[in-house]
Amino acid sequence: MAPRPARGQHFVNSDQPTEILPIIDWQAVKLSPLFLQVPHLALIEFDGPVPKGLQSIGRPENFDELSAEEQLEVKKLRAAQSLYKLYDITTIKHCPGVAAALQFKYSLTDQITGLWALSVTMNQSFKACS
Numbered sequence: 004m005a006p007r008p009a010r011g012q013h014f015v016n017s018d019q020p021t022e023i024l025p026i027i028d029w030q031a032v033k034l035s036p037l038f039l040q041v042p043h044l045a046l047i048e049f050d051g052p053v054p055k056g057l058q059s060i061g062r063p064e065n066f067d068e069l070s071a072e073e074q075l076e077v078k079k080l081r082a083a084q085s086l087y088k089l090y091d092i093t094t095i096k097h098c099p100g101v102a103a104a105l106q107f108k109y110s111l112t113d114q115i116t117g118l119w120a121l122s123v124t125m126n127q128s129f130k131a132c133s
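According to the numbering used here, the sequence shown is numbered sequentially starting from 4.
This is the structure:
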């Protein structure tokens, strides 16, 4: 959990108390692209292939030929993959910005673009401070 801001570090509009005005003392704020800050929850992480897109997660064609133990492992993997996709779908619906960032983190091109944009932003910030 993030530390609670100290008194006197944020200011509220006295005419509209729900509006926060400036917040000072930002040195502990992490400045990085959102795709580096938002992981999938540890609760839904699993060992195995991550399903792509919104297609249904099927069983292998030779499922009926597998041993009972192998079938159980396939079922466990499918359940984990389904939970992972459910999280993705829910995130798309309720937090589209976070969903985009989660997709962004898996593309090398997008990661390079995001890190380049971060370096440009930081360079401009340092110039403004000097």
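The C-beta atom is built at its ideal place from N, Cα and C for all residues, glycine as well.
Here the structure is a predicted model, which means the values were calculated and not measured.
**Report entry** Candidates Val77, His43 and Val41, of which the one nearest glycine 51 by Cα
**Finding:** Residue nearest to glycine 51 within the set Val77, His43 and Val41 is Val77 (criterion: CA-CA distance).
Requested in this report: List the residues that DSSP assigns as beta-bridge partners of valine 15.
Outcome: Ile23
**Report entry** Three-state secondary structure assigned by DSSP to proline 99
**Finding:** Under the three-state reduction of DSSP output, proline 99 falls in the helix class.
Query raised in the report: Roughly how many angstroms lie between the CA atoms of threonine 21 and leucine 86, to the nearest whole one?
Result: Approximately 37 Å, taken between the alpha carbons.
Query raised in the report: When the Cα atoms are used, what is the spatial distance from aspartate 91 to valine 53?
Result: Approximately 11 Å between the Cα atoms of the pair.
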